[in-house]
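Notes follow the structure.
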Amino acid sequence: MVLAVLALASANAAQAQEAPPSETGKDAASNSGEIVVTANKRGAESMQDIAASVQAIGEETISRDAKVGFDDYARDASNLTALNKGPGQTQIAFRGVVSARVSFGQPQAQSTTGMYVDDVPITDAAYTPDLGLVDINRVEILRGPQGTLYGSSAMSGAIRIMPNLPNLDRFEGSAGGLVSNTRNGDWNYQVYGALNVPIGDTLAVRGVAFRNYQGGYIDNVYSGEDDYNDAGSYGGRFMATFKPSDSFSLTGMFIYNKLKAHGRPDEYIPGDPDIVQTEFFSGVITPIIANQESPRQFAVTRDLQTVKPVKELFEDELKIYSLKAEYDFGSFNATVVGSRLDRTLATILDDNQRVRGIFGPNHLVTGEPVLASLSSNVREKRNTLEARLASGAGSRIKWVVGGYYEDFRKDFELSAPIRDLDSMLAAIGGLPPGESSSSFYQTPVDNVLFYGLDDSRGNQKSVFGEITLPIPFIAQDKLSLTLGGRYYNYDLTASKASSGFVIGPVPTGSTFTIKEDGFNPKVALEFKANEDFLLYGSVSKGFRTGGTNEALPGPSTNIGAQCIAELASLGLSGQTDTYGSDSLTNYEVGAKTSWLDRKLNVNAALFYIDWKNIQTNVFLKCGFSIKANETSQISKGAEFEINARVTDSLTLNLNASYTNAELAKDSQTLAARKGDRAPYVPEWNIGGGFQYRRPAEFVGPNAEFYVNGDVSYLSEAFSEYSVSPSVRRLKVPSSVIGNLAVGIDTGRVSVGLFAKNLWDERIVTSIDTDRNQPATYTRARPRTVGVNLSVDF
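For the sequence shown, the residue numbers in the numbering used here are 1 to 793.
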C-alpha cells in the first residue's frame, strides 16, 4: 500500500518490458518481465545486469500512452533536463550537466547528450530531431558519461531510439492514428502505417509512414491570430535486411522527416512593462508602439498570449541513410555501421524589441511600423563510419574494441533584415542615433542590420575499447574489473564573413582552425553476489569538442564599440573567435537488486561530477552573444527507482532523483559566485505510475482492458547561474503533471482514450531573455484529451 501511494504521487518511470532487439512487434514482449537493451554494444543484455544507470521505454507504453514525440517521453526519463523552444527545438542533458541555454546564433554549439537512432548519431545542441515514434521497439536512456563507447557530446548521457527491425519470418503490419483536443487550443491528429514483407527466406523489408499535426495554443494579440503556434510533420522509415545465413546480416535504413512549425509556444507575462518599451540602446527607455499600431496589439491580458509583429517560423528537413553489417563468428561478433545525415534548418524570429530600441518604432520615410526579424538557414552533412568487434554471448571475459570516423560540413547563414532599412538610412543622412560616421550608411546595406556566414568543415577520428575481466580467487569470481578508454582527434576549419549596418563600412572575413585530441578513460568494479544482486563503482570521463563563435561588429560602429567595451570589462578581449573543448569526470556507485523472482526490481545510484573548462554563453548587452570556456561546476546527486509487478495485472513504477549542480568557483564573465545553482536544473525529479490490465472476455478471448497512469514532479529551477542584480535570472516554477490512458486491446485492434497534463498545469520549458526583449516563457502543451486506435495484421 505504501508503494502504491508513493508511485501515484510521483513521476512515471515506465520501463520497457521487451524481448531482445532481434525480435519485433508486440509479440516480442517478454513474459518474464526481463528488460533487455543493447546499450553496451555487446548484444542484448538485461538492464539488471548492466553496471550503469540505464532506463528504457517500451513499444507497448509508447503506443498505449499515445507518445508521439520527444516531449511525451522526456519526463519519463529520470534526471533529464529538457529545454524546449518548440517542436524539434530541444536541448537535452542529464545529471545537471547544463551551463546555459544554447543561443540562436551559435552554429558550432555542441550538445552534452548524445542522440542516436540505433547506432546512427543524430545529435544536435539545440535542435534535437523530433522523429515520430512509430513502429519503435523501445527508447534506451543512458545516464552518465558515455565517452568511451559513444564519444563526443555524450558527456552527460545518451538516448537511443531503437526501431523494430525487418522480420524475415512473417508478413505483418499495423495502421492507426489519434485525434485529440488541447484546452484553449486547437485539434491535433496523427495517422501512421507500418508494413513488413518477407521476400523469400533471406530478405525482408519494413516500411513506416506517418503524418502528425499539433494544433496551436498560443494567441498572438498583435495579429489577432488565435492558436498561431501550430506545427505539422510527416515522414517515414524504410529498412531492408538481407540475412543469407544465421551468422551474417546486412541492414539498410532510410529515414525522412519534415517538420514545419508556425511560431513558438512562447508567452509574455501580463503587466510586464517591457512589452511596450525597450532599454536596448544606451540604456534609454524607448516606447516601441508605432503610430499606426494600436495599444490593443500589445495588450497581453492573460496567459498563453504573446506579441509578435513578425510571425516566427521553424522548418526542419532531415534525411538519414545507413548501412549496418553484422557477422557472428561464434566467440565474437563484428559490426560495421556507416551513415550519412543530411539536414536543412530554417528559422525566423521576431526581433522588433531590439531594433526599435535603435531606430524607434516608426520608419522615418514611410511612417510605417519598423518590422525586424532574425533569420537563419543551416545546411548540415555528416558522414560516419564505425567498425567494432565484441565478445560473443556467454563469454566469461566481455569486451568491445573499435574505431570511429566522422566528417562533417555545416553551413550557417544568419541575417537580421529590417523592412526598408536602406531608405531610412539615406533619409537621415547616414547618421543614425549615436553613430559618428556617415560615409558607410549612405551606401545600401541590403536592408539588413547584420548578415553573417559561417561555413565549417571538420572530421573526428577515434579508437575505443572496453574489457570486463573477472578477478580470480576473489569472492569466488563474483568481482569484475572493467577498463576502457577512447582516444580522439578532432579538426575543425571555419570560414566566416559578415556585413550589414552594425559591421561597418567594410565587410569582414576570416578563417579559423581548431585541432584537439585527448583520451577518455573508464574504470569500474562490479560485484555480482548472485543473479539478483549487483553492486558497482565507476570512474568515467566525458568530453565535448570546441568550436567558433559568430562574428562580432567592429569598432567603427557604436554597437561594435559597445560590444568591445563590454568584452573588455569581462576580461574576454582578444579571445572571442573560438572556444575550446570541455570535459568532466563522473564518479558513481550503484546497486541493482531483484526480489521475489524478479517481480520487484530496486535500483539506486550516487554520482559526483567534476565539470571543468565549461563552454558557457556570454550574452552581451549590445545584442550579440558568444561562447567562452569559463569556470567549473560540481554536480552531485542520487537516483532511485523501483519496478514492481504486484500481480499479473498490476505493475507499479517509482523513480526519484536529487541533483545539486553548482558553480565550483567565482565567474567574472557570468557575474556569478561559487555555489550559484546551474540553470534549468531542478533539485528534485520524482515520479511514479501504474499499468493495470485484466482480461476483457466480453470483447473477445484474447482481449484485455488496460489503464495506465503516471504523475511527475519537477522542483523549481532558474534561468541563469547568477543572483547578481545585473543578470536577468528568472525562476522556472515547479510543476506537477499527470497523464492517464485507458482502453481495450484485442491483440489485433486496440482503442483507447488518453489525457495528458490532466490538471492543465502551466509548465515552463524554457525562458528567453535574449535580444533585449521581455522575458519570454515557453509553455508546454495544456491539457490534451483524445482517442487513439491501432490495428495489427
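Beta carbons are placed, not taken as given, at the ideal position from N, Cα and C, and that holds for glycine. Bear in mind the structure is a predicted one, so any value in this text is a computation, not a measurement.
Let me know if leucine 596 comes out buried or exposed under the rule of 16 or more other beta-carbons within 10 Å of its beta-carbon.
exposed
Shorter than 6 Å, the distance from the beta carbon of threonine 545 to the closest heavy atom of the ligand FMN, or not? Questions concerning the ligand FMN fall outside what the structure shown contains, since it holds no ligand whatsoever.
Exercise for the section: Measure from the alpha carbon of lysine 674 to the alpha carbon of each residue in Lys665, Pro682, Val681 and Pro287, then state which is nearest. Expected result: Lys665
Can you grab the Cα-Cα spacing for the pair threonine 585 / alanine 158, in whole Å? If I take the Cα positions, the gap works out to 16 Å.
Along the chain, where does the alpha helix (DSSP H) that runs through isoleucine 358 open and close? 352-359
Please list the terminal residues of the continuous alpha helix (DSSP H) segment that includes tyrosine 680.
No alpha helix (DSSP H) contains tyrosine 680, which DSSP labels as neither H nor E.
Checklist line | Assumed close pair glutamine 110, serine 153 - CB separation to whole angstroms, cut-off 8 Å | finding: 5 Å
Secondary structure of glycine 560, DSSP reduced to three states
helix
In the structure shown, what three-state DSSP assignment does methionine 424 receive? helix
Could you check whether proline 166 and arginine 206 sit closer than 7 Å to each other, using their CB atoms as the reference points? yes
Just the C-alpha distance for lysine 311 and aspartate 350, rounded to the nearest angstrom, thanks. 7 Å
* Asked: If we call anything under 7 Å between Cβ atoms a contact, is tyrosine 490 one with glutamine 460?
  -> Yes; because the gap between Cβ atoms is below 7 Å, this pair is in contact.
| What residue range is occupied by the uninterrupted beta strand (DSSP E) comprising tyrosine 256? | 248-262
* To do: Compare the beta carbon distance of threonine 778 and threonine 769 with 7 Å and say whether it is the shorter of the two.
  => Their beta carbons are not under 7 Å apart, which means threonine 778 does not touch threonine 769 by this criterion.
With the cut-off set at 7 Å, would you say phenylalanine 314 and threonine 347 are in Cβ contact? Closer than 7 Å, so yes.
What is the C-beta distance between valine 208 and aspartate 135, in whole angstroms, given that I count them as a contact (C-beta under 8 Å)?
About 5 Å separates the two Cβ atoms, so the contact holds.
Could you give the distance in angstroms between the alpha-carbon of tyrosine 256 and the alpha-carbon of arginine 598? 40 Å
Beta-carbon contacts of asparagine 549 that lie in its chain and below 8 Å, excluding the five residues immediately before and after:
Cβ neighbours of asparagine 549 beyond the five flanking positions: Gln106, Gln108, Thr576, Asp577, Thr578, Tyr579, Ile626 and Lys627.
Exercise. Contact check, phenylalanine 242 vs leucine 203 under 8 Å by CB: the rounded distance?
Worked result: In this structure, phenylalanine 242 and leucine 203 form a Cβ contact; the two beta carbons are roughly 5 Å apart against a cut-off of 8 Å.
Notebook entry, point to check: What's the call for phenylalanine 329, buried or exposed, on a 16-neighbour Cβ count within 10 Å?
Noted result: exposed
Would you identify the three-state DSSP class for glutamine 110, choosing helix, strand or coil?
coil
I'd like the list of long-range same chain contacts for isoleucine 564, defined as Cβ closer than 7 Å, with 5 residues on each side in sequence excluded.
Pro555
Limits of the unbroken beta strand (DSSP E) element including arginine 206 | 203-214 is the span of the beta strand (DSSP E), which, as asked, contains arginine 206.
Going by DSSP, what residue range makes up the beta strand (DSSP E) through aspartate 455?
448-470
Residues near asparagine 739 in its chain [Cβ-Cβ closer than 6 Å; skip 5 each side]
Asp710 and Lys756
- Message: Given this structure, state the Cα-to-Cα distance separating arginine 419 from glutamine 146, to the nearest angstrom.
- Response: 48 Å
Q) Given glutamine 55, which residues of its chain have a CB within under 6 Å of its CB, disregarding the five upstream and five downstream residues? A) Ile141
**Study point:** Integer Cβ distance of alanine 801 from alanine 696, believed to fall under 8 Å
**Key:** There is no way to answer for residue 801, as the model of the chain reaches only from 1 to 793.
- Message: Beta-carbon within less than 8 Å of leucine 758's beta-carbon, same chain only, minus the 5 sequence neighbours each way: which residues are those?
- Response: Ile737, Gly738, Asn739, Leu740 and Arg783
To test your reading of the DSSP string, which unbroken beta strand (DSSP E) runs of 3 or more residues are found completely within the region 300-360? 313-328 and 332-350
Could you pull out every residue in the same chain whose Cβ sits closer than 6 Å to the Cβ of glycine 338, ignoring the five residues on either side in sequence? Leu323 and Leu385
*Run through DSSP, which three-state label would alanine 569 get?*
As written in the sequence, residue 569 is serine, which differs from the alanine given in the question. Serine 569 sits in a helix when the DSSP states are folded into three classes.
Check your understanding: Which residues in the same chain have their Cβ closer than 6 Å to the Cβ of serine 22, if we skip the five residues on either side of it in sequence?
Key -> Any reading at serine 22 is ruled out, since the residue's pLDDT is 41, under 50, leaving its predicted position unreliable.
Check your understanding: Looking only at C-alpha atoms, which of Gly173, Gln214 and Ser174 sits nearest to glutamine 190?
Key -> Gln214
Is the distance from the Cβ of proline 682 to the Cβ of serine 735 below 7 Å?
no
* Asked: What number of angstroms, rounded off, separates the C-alpha of serine 462 from the C-alpha of glycine 58?
  -> 32 Å
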